[in-house]
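Novice: So the sequence shown is numbered by the numbering used here: it starts at 1 and just counts up by one. Glycine included, every Cβ here is placed at the ideal spot set by N, Cα and C. Fair warning: this is a prediction, and the values are worked out from it, not measured in the lab.
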Amino acid sequence: MVWTPSICKTKIKPAEFICVYRSRTTDSLDEGALRFLSSGYVDYHLLLYDILGSEAHLIMLHEIGFLSSTSLKDLLAGLETIRKNPKILDIDKFEDIHECIETYLVTNLGYDVGGILQTARSRNDQVTLDLRMMVRDTINLISRMLVQLIDELLSRSEDNFNSIMPMYTHLQQAQLGTFAHFLLSYAEILSRDLDRLNDSYDRINLSPLGACAIGGTSINIDRYRTSSLLGFKGILNNSIDATTSRDDLIEYMSSLGIIMLNLSRIAEDFILWSTTEFGFVEIPDKYSSTSSLMPQKKNPDTLELIRAKASTVVGFLFGAMSLVKGLPSGYSRDLQELKPVLINSSRVVKESLNVLIPIVRGLKVNHAHMMDAARSSYAISVDIAEQLVSQKHISFRSAHRLVGSIVRTAVEKGNIPLSKLAESDIQNAFGQDASGVEPRDVLKVIQRLSPEKSIESRLSSGSPSVLQQRKLFDILLEKKKAYEKLISEREKSVNSAFNHLSHAAERYTQAGKT
Ligand code: ARG
């Protein structure tokens, strides 16, 4: 049976009322209170999703026999007018985008038609629906950007499998490695960021629509129909959970926080390695700042801001977590404050990736400097100790003691490279404690080792030998391709749902005209 409106046949003009919700009150909202309450300043991010959600809801109401074709046509046409020209909305006069849109429809179609929009729906299910649709799209977008960054890292790593440089622990030279090995390690963490976003996508991709304010509705709505019209995988089962919970969104924000921590580490490595003291890399001019005073300066400000903005995003996450802590079940207005931090977290991550991708692409690598640092480094010490273990069959601890004493001697002789030591230096270094190893043999081990041999001797999986780097590369390349496919499928599924929805809306609008 189609519901027949019985009241309010005349269209109300905008000037005659301010808020369609204020049935209970006699006074309109104080202007300052309205400004304080309004989330209009962020809600324009939700406008399109709100319209799509309303279209799906209205089509479903029509399909279950609740809404006449004529009213459906009018309402859909009204929504289409807003979609084409959002500027007709004066969102500042309203508490949020939902109220603003409904008021527009009521104003233009009257209470009898415009007033149907919110049947069996509340702003409580509506706002989380909009956020889920928005985050679903943003996950796809950020995932694409992560894939692009991984792609750049992989292609830069291919040219740098042999760019030997020291690796650092405690920021002190530790072992020899390659620049590509670092790039591959970044691709590895970013691929876990993709995993995390991917996991949260499935939890976000569920529809809360139809949960209403908290306890559902007596109208025979079809929640699965709206869910599928909007391209969701399914519905959030429980109406209390659907309207109250924000854990999925906070999970998404924590993935963003972790992404920023990872980007900040990459930024910090590049900042450090671009200093004159390291001189391993040079940041492209387009992404460097200069000084107002010191003419020689080229500063890595973009990378510094990525590092700083990581704190901002982590702060947003903490803001979101503190917001929901202690809230009771059921919607509370506190939840509105999630929107700015959620939207801003996504924005900062997108902006950071947007500068880091071209920085990686254009980074100049100073192979000669890296190699100089590697040649003059004592970071070859572990390799020497391991050669003594395998060639001279002494324990690792004994080899550690002997090599340590050799390094001490080289340092005392003015930081000379180990290969410049004489047999007598090694004899002196050992003193009484040679563990049965001849200084001459040790010297041979030292002289036979080079940075190149050090790298090639790394057998363990995940280490920087070219063979192992190639393996890391291949695994990441496969993973990257799999994600490219998955993201495309996800985007296709959302887009095709939205296309169907818009065709259905168009069909109903046309049909109603006859
Ligand atoms: N502006 C609100 C928000 O963003 C929409 C939900 C309002 N619901 C309510 N019962 N006041 O969270």
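With DSSP as the reference, label E282 as helix, strand or coil.
Specialist: In the structure shown, E282 sits in a strand (DSSP, three-state: E or B).
Novice: Starting from L176 and walking both ways along the beta strand (DSSP E), at which residues does that stretch end?
Specialist: Run containing L176: 172 to 178, per the beta strand (DSSP E) assignment.
Novice: Let me know if H500 comes out buried or exposed under the rule of 16 or more other beta-carbons within 10 Å of its beta-carbon.
Specialist: By the neighbour-count rule (16 or more Cβ atoms within 10 Å), H500 is not buried but exposed.
Novice: Unbroken alpha helix (DSSP H) runs of length 4 or more, entirely within the stretch 289 to 350: which are they?
Specialist: List check, alpha helix (DSSP H) in window: 301 to 324.
Novice: With respect to the alpha helix (DSSP H) encompassing I221, which residues constitute its N-terminal and C-terminal limits?
Specialist: Here I221 belongs to no alpha helix (DSSP H), and DSSP marks it neither H nor E.
Novice: Compute the minimum distance between the beta carbon of H98 and the heavy atoms of ligand 1, and state whether it is under 7 angstroms.
Specialist: Answer for H98: yes, Cβ within range of ligand 1.
Novice: Report, in whole angstroms, the separation of the C-beta atoms of G209 and R121, which I expect to be a contact under 8 angstroms.
Specialist: With the sequence shown as reference, residue 209 is identified as Leu, and Gly is not the correct amino acid for it. Indeed they touch by this definition, with Cβ atoms about 7 angstroms apart.
Novice: When you compare the CB positions of S143 and L183, do they come within less than 8 angstroms of one another, or not?
Specialist: Their beta carbons are not under 8 angstroms apart, which means S143 does not touch L183 by this criterion.
Novice: By DSSP's criteria, T535 is part of a beta bridge. Which residues make up the other side?
Specialist: The chain is shown only over 1 to 514; residue 535 falls outside these bounds and no answer can be derived.
Novice: Compute every distance between the C-beta of V127 and the non-hydrogen atoms of ligand 1, then say whether any falls below 7 angstroms.
Specialist: V127 Cβ: within cutoff of ligand 1.
Novice: Using only the heavy atoms of ligand 1, determine whether one of them is closer than 7 angstroms to the beta carbon of Y331.
Specialist: Yes, the beta carbon of Y331 sits closer than 7 angstroms to at least one heavy atom of ligand 1.
Novice: Taking only the alpha-carbon atoms, compute the straight-line gap between T302 and V113 and give it to the nearest angstrom.
Specialist: Cα-Cα distance, rounded: 53 angstroms.
Novice: Does V42 come out as helix, strand or coil in the three-state DSSP assignment?
Specialist: V42: helix per DSSP, three-state reduction.
Novice: Report the residue from K233, I426, H98 whose alpha carbon sits nearest the alpha carbon of I204.
Specialist: Answer by Cα proximity: K233.
Novice: Leaving aside the five residues before and after H181 along the sequence, list all residues of the same chain whose C-beta is less than 7 angstroms from its C-beta, in chain order.
Specialist: The answer, listed in chain order, is P464, Q469.
Novice: What residue range does the alpha helix (DSSP H) around N140 cover?
Specialist: Looking at the DSSP string, the run of the alpha helix (DSSP H) that includes N140 is 123 to 158.
Novice: Using 10 angstroms around the beta-carbon of N495, count the other beta-carbons present and answer buried if the total reaches 16, otherwise exposed.
Specialist: The residue is exposed, with fewer than 16 neighbouring Cβ atoms inside 10 Å.
Novice: How many Å lie between A504 and L236 at the Cα?
Specialist: A504 and L236: Cα-Cα distance of roughly 24 angstroms.
Novice: Jot down the residue ranges of each uninterrupted alpha helix (DSSP H) in the stretch 437 to 501, minimum 4 residues, whole runs only, in chain order.
Specialist: Runs of the alpha helix (DSSP H) inside the stretch 437 to 501: 439 to 448, 451 to 456.
Novice: Thinking E152 and I357 are a contact (beta carbons under 8 angstroms), I'd like their distance in whole angstroms, please.
Specialist: Confirmed, about 6 angstroms.
Novice: Using only the alpha-carbon positions, how far apart do L89 and F36 sit?
Specialist: Their backbone Cα atoms lie some 19 angstroms apart in a straight line.
Novice: Mind the definition here: the stretch 115 to 133 touches the stretch 319 to 329 only if three or more C-beta pairs lie below 8 angstroms; say whether that holds.
Specialist: They do not touch, by the three-pair rule.
Novice: Using C-beta distances below 8 angstroms, list every residue in its chain close to S461, excluding the 5 sequence neighbours before and after it, in chain order.
Specialist: Around S461: Q468, K471.
Novice: Ligand 1 heavy atoms versus the CB of Q336: any closer than 7 angstroms?
Specialist: Q336 Cβ: within cutoff of ligand 1.
Novice: Between the alpha carbons of E412 and V403, how many angstroms are there, rounded?
Specialist: Spanning the two alpha carbons is a distance of roughly 14 angstroms.
Novice: What's the gap between the Cα of T107 and the Cα of D222?
Specialist: In a straight line, the C-alpha of T107 is about 28 angstroms away from that of D222.
Novice: Taking all protein chains shown into account, do 16 or more other C-beta atoms lie within 10 angstroms of the C-beta of E489, making it buried, or fewer, making it exposed?
Specialist: Exposed.
Novice: So, helix, strand or coil for S207, using DSSP?
Specialist: Strand, per DSSP.
Novice: Is the distance from the Cβ of V445 to the Cβ of I384 below 8 angstroms?
Specialist: Yes, these two residues count as a Cβ contact at 8 angstroms.
Novice: Helix, strand or coil for G53, going by three-state DSSP, please let me know.
Specialist: Helix at G53.
Novice: Can you give me the Cβ contacts of S345 inside the same chain, cut-off strictly under 6 angstroms, excluding the 5 residues immediately before and after it?
Specialist: Cβ within range, chain order: M253, L256, V313, F316.
Novice: So, with DSSP's three-state summary, where would you put I214?
Specialist: Coil, per DSSP.
Novice: By how many angstroms is the C-alpha of K492 removed from the C-alpha of A279?
Specialist: For clarity, residue 279 is Gly in the given sequence; the question names Ala instead. Roughly 45 angstroms between the two C-alpha positions.
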